[in-house]
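Quick mapping for you: the protein sequence lines, in order, are chains Z and H. UniProt numbering numbers the first residue of the first sequence as 1 and each following residue consecutively. UniProt numbering numbers the first residue of the second sequence as 1 and each following residue consecutively. All C-beta atoms, glycine included, are put in the ideal place defined by N, C-alpha and C. Owing to the predicted nature of the structure, the values given are computational and were not obtained by experimental measurement. What follows is one structure encoded as structure tokens, with my remarks underneath.
Protein chains: 2
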Amino acid sequence: MRIAVVGGLAAGPAAAAEAKRQAPDAEVVMFEEGRHVSIGTCEIPYYIAGHLGGADALVVNTAEKLERSRGFEVRLRERVTALDARAGRLVVDALDYGAQREERFDRVILATGARARRLGVPGEDAAGVFVIRDLEDAQAVRLWLETESVRHVVVAGGGYIGVEMAEAVRDRGLQATILDPSGRVLNNTVACEASDLMDRAVAAAGVAVRAEKPTEILADRAGRVRAVRTDAGELVGCQMVVVSIGVEPRTELAVAAGARVGEMGGLAVDDRMKTSLANVWACGDVAEVPRAPDGRRVLWPLAPTGRRSARVAARNAASRGGRADTFRPIAGGVAVKAFGIEVGSVGLSLAQAADAGLDAVAADVRHWTRTAAFPGSCPIDVRLVVERGAGRLLGGQIVSAEGAALRADVLVPLVQAGATARELAEDLDLVYNPPVAPAVDPLKVAASVAVRRAGR
Amino acid sequence: MRIAVVGGLAAGPAAAAEAKRQAPDAEVVMFEEGRHVSIGTCEIPYYIAGHLGGADALVVNTAEKLERSRGFEVRLRERVTALDARAGRLVVDALDYGAQREERFDRVILATGARARRLGVPGEDAAGVFVIRDLEDAQAVRLWLETESVRHVVVAGGGYIGVEMAEAVRDRGLQATILDPSGRVLNNTVACEASDLMDRAVAAAGVAVRAEKPTEILADRAGRVRAVRTDAGELVGCQMVVVSIGVEPRTELAVAAGARVGEMGGLAVDDRMKTSLANVWACGDVAEVPRAPDGRRVLWPLAPTGRRSARVAARNAASRGGRADTFRPIAGGVAVKAFGIEVGSVGLSLAQAADAGLDAVAADVRHWTRTAAFPGSCPIDVRLVVERGAGRLLGGQIVSAEGAALRADVLVPLVQAGATARELAEDLDLVYNPPVAPAVDPLKVAASVAVRRAGR
Ligand SMILES: Cc1cc2nc3c(=O)[nH]c(=O)nc-3n(C[C@H](O)[C@H](O)[C@H](O)COP(=O)(O)OP(=O)(O)OC[C@H]3O[C@@H](n4cnc5c(N)ncnc54)[C@H](O)[C@@H]3O)c2cc1C
Ligand SMILES: Cc1cc2nc3c(=O)[nH]c(=O)nc-3n(C[C@H](O)[C@H](O)[C@H](O)COP(=O)(O)OP(=O)(O)OC[C@H]3O[C@@H](n4cnc5c(N)ncnc54)[C@H](O)[C@@H]3O)c2cc1C
Chain Z
1 MRIAVVGGLA AGPAAAAEAK RQAPDAEVVM FEEGRHVSIG TCEIPYYIAG
51 HLGGADALVV NTAEKLERSR GFEVRLRERV TALDARAGRL VVDALDYGAQ
101 REERFDRVIL ATGARARRLG VPGEDAAGVF VIRDLEDAQA VRLWLETESV
151 RHVVVAGGGY IGVEMAEAVR DRGLQATILD PSGRVLNNTV ACEASDLMDR
201 AVAAAGVAVR AEKPTEILAD RAGRVRAVRT DAGELVGCQM VVVSIGVEPR
251 TELAVAAGAR VGEMGGLAVD DRMKTSLANV WACGDVAEVP RAPDGRRVLW
301 PLAPTGRRSA RVAARNAASR GGRADTFRPI AGGVAVKAFG IEVGSVGLSL
351 AQAADAGLDA VAADVRHWTR TAAFPGSCPI DVRLVVERGA GRLLGGQIVS
401 AEGAALRADV LVPLVQAGAT ARELAEDLDL VYNPPVAPAV DPLKVAASVA
451 VRRAGR
Chain H
1 MRIAVVGGLA AGPAAAAEAK RQAPDAEVVM FEEGRHVSIG TCEIPYYIAG
51 HLGGADALVV NTAEKLERSR GFEVRLRERV TALDARAGRL VVDALDYGAQ
101 REERFDRVIL ATGARARRLG VPGEDAAGVF VIRDLEDAQA VRLWLETESV
151 RHVVVAGGGY IGVEMAEAVR DRGLQATILD PSGRVLNNTV ACEASDLMDR
201 AVAAAGVAVR AEKPTEILAD RAGRVRAVRT DAGELVGCQM VVVSIGVEPR
251 TELAVAAGAR VGEMGGLAVD DRMKTSLANV WACGDVAEVP RAPDGRRVLW
301 PLAPTGRRSA RVAARNAASR GGRADTFRPI AGGVAVKAFG IEVGSVGLSL
351 AQAADAGLDA VAADVRHWTR TAAFPGSCPI DVRLVVERGA GRLLGGQIVS
401 AEGAALRADV LVPLVQAGAT ARELAEDLDL VYNPPVAPAV DPLKVAASVA
451 VRRAGR
């Protein structure tokens, strides 16, 4: 059996390793068009900030190490340009040699990931305008910051990567302005409808957030970015622009082969992570996954989902018999920490619940992360989103200077299992110790409010 | 309907308030022999350390406030000395008047709590020897520290209160020595069989832990403690002794009335928190409760269990119909933070699992609290205890400078629900963001090891 894995960054290596584990006698080959496999993408903002040392800090694994320790073959700088699922053929471009050839396979796992969205405005190709997606982007940004005299950076998009990049730039002693049409940060990426703690921390750090978006990028004679024009007609002077307005799944290879695409534009897969094509599975940022509260299939381009979907795709792809593994719907957890504030979010926001046709209510509380009087205790905002009547926990958003992300983790098994607010409020034995948590944990305080609001 | 609540510290007020909520027309009377209700017992070590201000910081609620806001009656300085369940009669001593009288009741909730264990060695009544249980103890310790010239404090018992008191004393600039027969801290209270991070932090703080126990306490002519003699024949000079060797449930009132006592010496109750006596329920530190992993009934003298058992006892006591609420077995969570190290523990340790007749294995990992290279990332020790074969999660112990207690909370719903290590390793979407958690959370790393060790 020959298993081809297309894409070698995060989901790809996980899938290739798992396939080899599942079917040790199979030949597993991973194709990656870039120069690197297994990059710590999520660490890029901290590398740019200068907190992690050189670029090698971003290299989690090399091709050689993977080949040696995991027993699959790695083909760097090889792009898969066509896929014939029925015939069991791939077309592969060896980028460094300009050569094209065909490869045979029995099964394919697509881990082609996502690309950063571009603004699509005039001037976007000016020098000093970056997206943040891979090691090359990270190195290019560092080089720019170290060789140009940058004073002010415009960050287009206030999602979690935008916020992390604004902090990185601030940590380098530069000024940053975030442009986000919502006028807030984390407006879409992480639902924090009910808390302004992050907005206040961003403002306190001197980072302006403007309810505008770029309409044009202006460069000097040498082609270096010098300003951004916004839809408010303003000109914002800057010596660097970061474009962080989301990602889009790289479905083109699969789509050309006839694969079905889902509602959100990602590859449609079943609960074994199989695409609509015979012998082709998908995982990572390119694939849609079901979410627990309502079963809707969504793009959830985060590393844990990638790793989990890679496992399921690989086990099924490498299985000679029937179902080898099933993808359990995601809780939909995400966390960010920047400017001293943590945001943790799980499941649906109130808006997302309404959008999903669920009759939901929100319970909002501001409580303390430890015993209120304990030195270092911080305010913490908790919103729980619950279904009216049944009181099922649909989601939770937590914001504080500490203990927000891990409290989101506490909600993960509850949201994934469809637990009720009452269970959280009444039956869950969360620990109490003054230096780490108050007598009644903020999650339980919010759950008690939610029980009342849910009306049962 | 007249409901009497005996004991007014933590479980008592919670039960009285819940009973009144459940049966608003009932007359609810709470008897407390002390001068205070609703004390923040768990904050006592930090009050003694000087971190919380005056003693009023420990007063969570006054009798007047409770009466006004919750609608039940509070009788301070009244001790219930006898109970006739069949006849519906209590004998009450009004301590400030030396008067005794009878009170009628329809139902009784016992929340008589626990008392601190004494050493039972000669000299224990010397001035400067304290247990830490209530506001009076706390004030007496503060007074002693502020009026005597204390330099060295011996803490007998290295459980969580002993460790917190050693830290409190250290925070006041004094020296502390812990005597614990195990030669370690947190040996029984919190299972941290697999980690020495706390032991090392205690040592680094200059607190000696000696594998000895007191056999005699020596005082000066004025009756003030001056030394402790240990079972190793050593004399340890000191000007204060803290005795923190555990608690025993105050069952005497119920036992005299004929109530059944469980294996651990606490009041035996059913899953409605009803004692073996007609019309008598119990809650808080005095009652045994079932634990989730094996159903064994144990004493779990911690505040969250007290609050939860109070709710169940009160709802059933105040119910005119049948079952109003059921006590869900405890996860058995506990957390401590001292000397900069957090310990979180849930469920069974390996020794407790063996003792419960379960065929268990442990998975131990040392990982990182954040991305390893991220500034501030700390080592974290995780032990998961799982059932061999099935791989059911029986318990977990986590030790680190950060993020240990809240990670214990993540295990709470899993242990309470009987989830498997595989679910945690493979299906649980714990969040990943470099400043708050590594790519694979330490809990998941340990769970993967546990899956292999459990042999399925
Ligand atoms: C700046 C940044 C910060 C992030 N922070 C977090 C975080 O804190 N927490 C979190 O959970 N997630 C985070 N993420 C998201 C996480 O990095 C992604 O979910 C993860 O990288 C997705 O992995 P993937 O392998 O599916 O896709 P990708 O990382 O996009 O990798 C796909 C790979 O496939 C290759 N490829 C594509 N098509 C072909 C082809 N036809 N032939 C050969 N090779 C091909 C590409 O070159 C690429 O290397 C972050 C992402 C970024 C960019
Ligand atoms: C120093 C210290 C630190 C702690 N730290 C933590 C922690 O960090 N986390 C945690 O979860 N738990 C902690 N605890 C445990 C927690 O405080 C107890 O679980 C809780 O106080 C138990 O409440 P209770 O009401 O059942 O019992 P108690 O607190 O013992 O209250 C019982 C009350 O009943 C009264 N009483 C008894 N008999 C009679 C009678 N016959 N008539 C009238 N009144 C009577 C007593 O005077 C007493 O006030 C700590 C305890 C101590 C001492």
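Confirm, please, whether the CB-CB distance from residue j to residue i is below 8 Å.
i                      : j                      : result
residue 284 of chain Z : residue 34 of chain Z  : no
residue 134 of chain H : residue 39 of chain H  : yes
residue 158 of chain Z : residue 184 of chain Z : yes
residue 437 of chain H : residue 394 of chain H : no
residue 383 of chain H : residue 364 of chain H : yes
residue 272 of chain Z : residue 329 of chain Z : no
residue 430 of chain H : residue 336 of chain H : no
residue 256 of chain Z : residue 87 of chain Z  : no
residue 412 of chain Z : residue 346 of chain Z : yes
residue 49 of chain H  : residue 231 of chain H : no
residue 155 of chain H : residue 242 of chain H : yes
residue 304 of chain Z : residue 432 of chain H : yes
In angstroms, rounded to a whole number, what distance separates the CA positions of residue i and residue j?
i                      : j                      : result
residue 306 of chain Z : residue 84 of chain Z  : 24 Å
residue 61 of chain Z  : residue 176 of chain H : 48 Å
residue 120 of chain H : residue 371 of chain Z : 34 Å
residue 434 of chain Z : residue 30 of chain H  : 27 Å
residue 392 of chain H : residue 424 of chain H : 10 Å
residue 448 of chain H : residue 421 of chain H : 7 Å
residue 160 of chain H : residue 17 of chain H  : 29 Å
residue 116 of chain H : residue 182 of chain H : 20 Å
residue 89 of chain Z  : residue 104 of chain Z : 5 Å
residue 27 of chain H  : residue 164 of chain H : 40 Å
residue 269 of chain H : residue 327 of chain H : 10 Å
residue 58 of chain Z  : residue 178 of chain Z : 26 Å
residue 348 of chain H : residue 131 of chain Z : 49 Å
Give me the Cβ distance between residue i and residue j, rounded to the nearest whole Å; I'm assuming they're in contact under 8 Å.
i                      : j                      : result
residue 73 of chain H  : residue 64 of chain H  : Contact flag wrong, Cβ pair sits at about 11 Å.
residue 226 of chain Z : residue 220 of chain Z : 5 Å
residue 410 of chain Z : residue 341 of chain Z : Going by Cβ atoms, the distance from residue 410 of chain Z to residue 341 of chain Z rounds to 19 Å, so no, they are not a contact pair.
residue 473 of chain H : residue 358 of chain H : A question about residue 473 of chain H goes unanswered here, because the residues of chain H that appear run from 1 up to 456.
residue 140 of chain H : residue 217 of chain H : The pair is not a contact, with the Cβ atoms about 16 Å apart (cut-off 8 Å).
residue 46 of chain Z  : residue 374 of chain H : 6 Å
Tell me whether residue i counts as near ligand 3, meaning its Cβ is closer than 7 Å to at least one heavy atom of that ligand.
i                      : result
residue 433 of chain H : Among the ligands in the structure shown, ligand 3 does not appear; only ligand 1 and ligand 2 can be found there.
Enumerate in chain order the residues of its own chain whose CB-to-CB distance from residue i is below 6 Å, with the five nearest sequence positions on each side excluded.
i                      : result
residue 264 of chain H : 288, 298 and 299
residue 77 of chain H  : 95 and 96
residue 450 of chain Z : 363, 384, 386 and 421
residue 107 of chain H : 3, 279 and 317
residue 205 of chain H : 170 and 339
Using C-beta distances below 7 Å, list every residue in its chain close to residue i, excluding the 5 sequence neighbours before and after it, in chain order.
i                     : result
residue 15 of chain Z : 5, 109, 111, 283, 310, 313 and 314
residue 23 of chain H : 1 and 318
Among residues of its own chain, excluding the 5 on either side of residue i, which ones have a beta-carbon nearer than 8 Å to its beta-carbon?
i                      : result
residue 316 of chain H : 272, 273, 274, 281, 323, 324 and 325
residue 267 of chain Z : 110, 249, 251, 254, 259, 260, 261, 275, 282, 286, 287 and 288
residue 101 of chain H : 91, 92 and 94
Of the residues that make up the segment 337-349 of chain Z, which ones have a beta carbon closer than 7 Å to any beta carbon in chain H?
337, 342 and 344
Check each residue of the segment 16-47 of chain H: if its Cβ is closer than 7 Å to any Cβ of chain Z, include it; give the result in chain order.
42, 43 and 46
When you check each C-beta in the segment 223-252 of chain Z against every C-beta of chain H, which residues fall closer than 8 Å?
none
Taking only beta carbons into account, state which residues of the segment 281-300 of chain H come closer than 8 Å to chain Z, listed in chain order.
none
Residues in the segment 130-153 of chain Z having any Cβ partner in chain H nearer than 7 Å
none
Identify each residue in the segment 204-225 of chain Z for which the Cβ-Cβ distance to at least one residue of chain H is less than 9 Å, and report them in chain order.
none
If you measure beta-carbon to beta-carbon, which residues of the segment 49-62 of chain H are closer than 7 Å to chain Z?
51, 52 and 57
Chain-ordered residues of the segment 391-409 of chain Z with a beta carbon less than 7 Å from chain H
403, 405, 406, 407, 408 and 409
Residues of the segment 179-202 of chain Z in Cβ contact with chain H at a cutoff of 8 Å, in chain order, please.
none
When you check each C-beta in the segment 3-15 of chain H against every C-beta of chain Z, which residues fall closer than 8 Å?
none
Please name the residues in the segment 416-438 of chain H whose beta-carbon is closer than 9 Å to at least one beta-carbon of chain Z, in chain order.
416, 417, 419, 423, 424, 426, 427, 428, 429, 430, 431, 432, 433, 434, 435, 436 and 437
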